[in-house]
Amino acid sequence: MQSADPKNPTPTIPFRQAFLFWLKLGFISFGGPAGQIAVMHQELVENKRWISEKRFLHALNYCMLLPGPEAQQLATYIGWLMHRTMGGLVAGILFVLPSLFILIALSWIYVQFGDVPIIAGLFYGIKPAVTAIVFHATYRIGSRSLKNPFLWGIATAAFIAIFVFNVPFPFIVLAAAVSGYVLSKQKPNLFSSQATHQNNPKNYGAAFIDDDTPTPAHAIFHWSTFIKIVVIAALLWFIPITLLTLSLGWQNGYTQMALFFSKAALLTFGGAYAVLPYVYQGAVNHYAWLSPTQMIDGLALGESTPGPLIMVVAFVGFLGAYNHALLGADQLFLAGVIGAVIVTWFTFLFSFVFILAGAPFIESTHNQLKFTAPLTAITAAVVGVILNLALFFSYHVLWPNGFEHAFNYEAAFITVAALIALFKFQLNVLYVIFASAFCGLILYIGA
Numbered sequence: 170m171q172s173a174d175p176k177n178p179t180p181t182i183p184f185r186q187a188f189l190f191w192l193k194l195g196f197i198s199f200g201g202p203a204g205q206i207a208v209m210h211q212e213l214v215e216n217k218r219w220i221s222e223k224r225f226l227h228a229l230n231y232c233m234l235l236p237g238p239e240a241q242q243l244a245t246y247i248g249w250l251m252h253r254t255m256g257g258l259v260a261g262i263l264f265v266l267p268s269l270f271i272l273i274a275l276s277w278i279y280v281q282f283g284d285v286p287i288i289a290g291l292f293y294g295i296k297p298a299v300t301a302i303v304f305h306a307t308y309r310i311g312s313r314s315l316k317n318p319f320l321w322g323i324a325t326a327a328f329i330a331i332f333v334f335n336v337p338f339p340f341i342v343l344a345a346a347v348s349g350y351v352l353s354k355q356k357p358n359l360f361s362s363q364a365t366h367q368n369n370p371k372n373y374g375a376a377f378i379d380d381d382t383p384t385p386a387h388a389i390f391h392w393s394t395f396i397k398i399v400v401i402a403a404l405l406w407f408i409p410i411t412l413l414t415l416s417l418g419w420q421n422g423y424t425q426m427a428l429f430f431s432k433a434a435l436l437t438f439g440g441a442y443a444v445l446p447y448v449y450q451g452a453v454n455h456y457a458w459l460s461p462t463q464m465i466d467g468l469a470l471g472e473s474t475p476g477p478l479i480m481v482v483a484f485v486g487f488l489g490a491y492n493h494a495l496l497g498a499d500q501l502f503l504a505g506v507i508g509a510v511i512v513t514w515f516t517f518l519f520s521f522v523f524i525l526a527g528a529p530f531i532e533s534t535h536n537q538l539k540f541t542a543p544l545t546a547i548t549a550a551v552v553g554v555i556l557n558l559a560l561f562f563s564y565h566v567l568w569p570n571g572f573e574h575a576f577n578y579e580a581a582f583i584t585v586a587a588l589i590a591l592f593k594f595q596l597n598v599l600y601v602i603f604a605s606a607f608c609g610l611i612l613y614i615g616a
């Protein structure tokens, strides 16, 4: 990466073209982070040539180090690189906004018609598919991150901690980070050989932002810019929290949602599947905003809609406010909408801060073990936590009324079929969900 050169400014990509692309991306970004990153790579690197392969992967590596949804952060990063802060805001917001509107609509349909046989039948098939998807996510993340016995040990310890002792997710993250930092001092080779996304980049020809294009002035780290963005972000967090507390009270559901999802936003190392166990512990066990079955249904909707998978939190916010009638029995829809918006705001606020304020600084610390080793250890712990989530889903899908009642063989059949589709045939998640929904509808209506 070179410093800014006033004699050779970074080529300008028309803002209108970029705006239309980010808007389109918000509606076609299916397939989870892997699919979304693949779409951005195909469009930005291969087709439009707005950014080179090396610079694209360079940005992706930084986003993978941060908590939060890496695909949304990558869009924010590239938008920021092309068009400064405004470009980053537009890219990041448009990546999320369509899915927010879609999930609000689907959440309302869910609470109004969830017991209608056709809708119930579709979810009867989707729930086992989601269970298989989470098992597959455990395998994918584990195969990428568990590169040595030490990391396997962290994953195992994390699983035992949450499965046997029900240790809160933040403590597991903290313990993993400390162990990674300490061991990196003693055995740095355990962390220095981790594979990155930047191996063997391909060359697709000249790009607007190419390998040797000077870094634009706004992308160079300055303490003044960093402090300004952090202060603005702090106000954007503090003012809504204060207004909620003063107007509704500290114990009000909206206030608790804002605080809870602020913490969740800082613990999403490893992507959406990493934060889901924490959301489950809080939203289902602690606050009882929704039931275990509703949580599984929400993940199914999140998997089936465009945008970041972590947008499942909008469903949690909607149902939490709806179920608890936070605005009264006659304002259930409005209560749900406000809940979804509050949760989305506090979940994604920090993602923008990490990119707009921290990207230049993170670039300067990349590949330094004192920063990457704790994150590597956290990712290993996440594998164990996600495995616990998969087992939790399995229990509620295969024994919906508890172990003392009958085993659901139909759900088991769909789960196994979905696992085969994902592992052996590597089918797209959307195909698996739609096929499972159709199968579930037939079995449910025919029962």
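The sequence shown lines up with residues 170 to 616 when you count with our numbering. Virtual Cβ for every residue (Gly too), placed ideally from N, Cα, C.
Same chain, Cβ closer than 6 Å to residue i, five either side skipped, listed in chain order
| i | result |
| --- | --- |
| L221 | This sequence places Ser at residue 221; Leu is not what is there. Closer than 6 Å at the Cβ level, and outside the excluded window around S221, lie A376, D379, D380. |
| F184 | H252 |
| A580 | P297, V566, L567 |
| W316 | The sequence shown places Lys at residue 316, not Trp. There are no such residues. |
| L610 | G290, L291 |
| Y620 | Residue 620 is absent from the model: the chain starts at 170 and stops at 616. |
| I398 | L525, A526 |
| A509 | I273, A483, G486, F487 |
| G256 | G248, W249 |
Of the residues the options, the one placed nearest residue i, counting alpha carbons only
| i | options | result |
| --- | --- | --- |
| V351 | F540, L315, K432 | F540 |
| P297 | M233, G418, V566, F270 | V566 |
| V333 | Y578, W458, T513, G553 | G553 |
| G237 | I410, F190, S520 | S520 |
| G486 | S416, L503, D499, G497 | L503 |
| L192 | P267, I182, L235 | P267 |
| L291 | I247, D466, A550, I479 | D466 |
| V259 | Y246, P477, F270 | Y246 |
| Q186 | A240, I197, K223, G248 | G248 |
| W392 | E212, F196, A528 | A528 |
| N492 | G294, V280, I410 | V280 |
| F429 | G256, A388, F515 | F515 |
| N454 | F196, L478, I197, G489 | G489 |
| L651 | F561, Y564, T181 | The structure shown does not extend to residue 651, since the chain spans only 170 to 616, so no value can be given for it. |
| N358 | L343, P318, I524 | P318 |
| T254 | Q211, I288, G195, T394 | T394 |
| Q241 | L194, A604, L226 | L194 |
| L599 | I197, F188, F190, L189 | I197 |
| F562 | F304, R218, I310 | F304 |
For residue i, the three-state DSSP class (helix, strand or coil)
| i | result |
| --- | --- |
| I220 | strand |
| I378 | strand |
| E573 | coil |
| A498 | coil |
| S393 | helix |
| N368 | Because N368 sits at a pLDDT of 45, beneath the cut-off of 50, its placement in the model cannot be relied upon, and the following sentence gives the value as read from the coordinates. Coil at N368, not helix or strand. |
| L189 | helix |
| N454 | helix |
| Q420 | coil |
| I145 | Examination of residue 145 is not possible in this model, given that the chain is present from 170 through 616 alone. |
| D174 | With a pLDDT of 49 at D174, under the threshold of 50, the predicted position of this residue should be treated as unreliable, and no value is reported. |
| I278 | helix |
| S362 | Only weak support exists for where S362 lies, its pLDDT of 49 falling under 50; the value from the coordinates is given anyway. Correct three-state label for S362: coil. |
| H535 | For H535, the predicted model reports a pLDDT of 48, less than 50, meaning its position is unreliable; a value from the coordinates is still stated below. H535: coil per DSSP, three-state reduction. |
| Y613 | helix |
| W568 | coil |
| F264 | helix |
| A526 | coil |
| V482 | helix |
| Q595 | coil |
The ligand ZN heavy atom lying under 7 Å from the CB of residue i
| i | result |
| --- | --- |
| L470 | Of the ligands one can find in the structure shown there are none, so the ligand ZN has no counterpart to examine. |
Contacting residues, own chain, Cβ-Cβ under 7 Å from residue i (five flanking each side not counted)
| i | result |
| --- | --- |
| T325 | G553 |
| G243 | With the sequence shown as reference, residue 243 is identified as Leu, and Gly is not the correct amino acid for it. Closer than 7 Å at the Cβ level, and outside the excluded window around L243, lie I206, M209, A228, L229, C232. |
| A346 | P543, A546, I547 |
| I618 | Residue 618 cannot be examined here, being either before or after the span of the chain that is shown, 170 to 616. |
| A500 | Checking the sequence shown, residue 500 turns out to be Gln, not Ala. Nothing listed; no residue qualifies. |
| L405 | L518 |
| Q450 | P337, F338 |
Supposed close pair residue i, residue j - CB separation, criterion 8 Å
| i | j | result |
| --- | --- | --- |
| G422 | L495 | 5 Å |
| I331 | P446 | 7 Å |
| L556 | F338 | Not quite, the Cβ-Cβ distance comes to about 13 Å (not below 8 Å), so this is no contact. |
| A469 | I341 | The Cβ separation is near 26 Å, so there is no contact. |
| F190 | E215 | Not quite, the Cβ-Cβ distance comes to about 14 Å (not below 8 Å), so this is no contact. |
Own chain residues within Cβ distance below 8 Å of residue i, not counting five before or after
| i | result |
| --- | --- |
| I408 | none |
| V601 | A298, A301, I302, A587, A590, L591 |
| M480 | V265, S268, L269, L272, G471, T474, T513 |
| P286 | Y613, I614 |
| N577 | V566, L567, W568, P569 |
| G418 | T424 |
For this session: Kindly confirm or deny that the stretch 270-279 and the stretch 471-484 touch, where touching means at least three C-beta pairs closer than 8 Å.
Result: Yes, the stretch 270-279 is in contact with the stretch 471-484.
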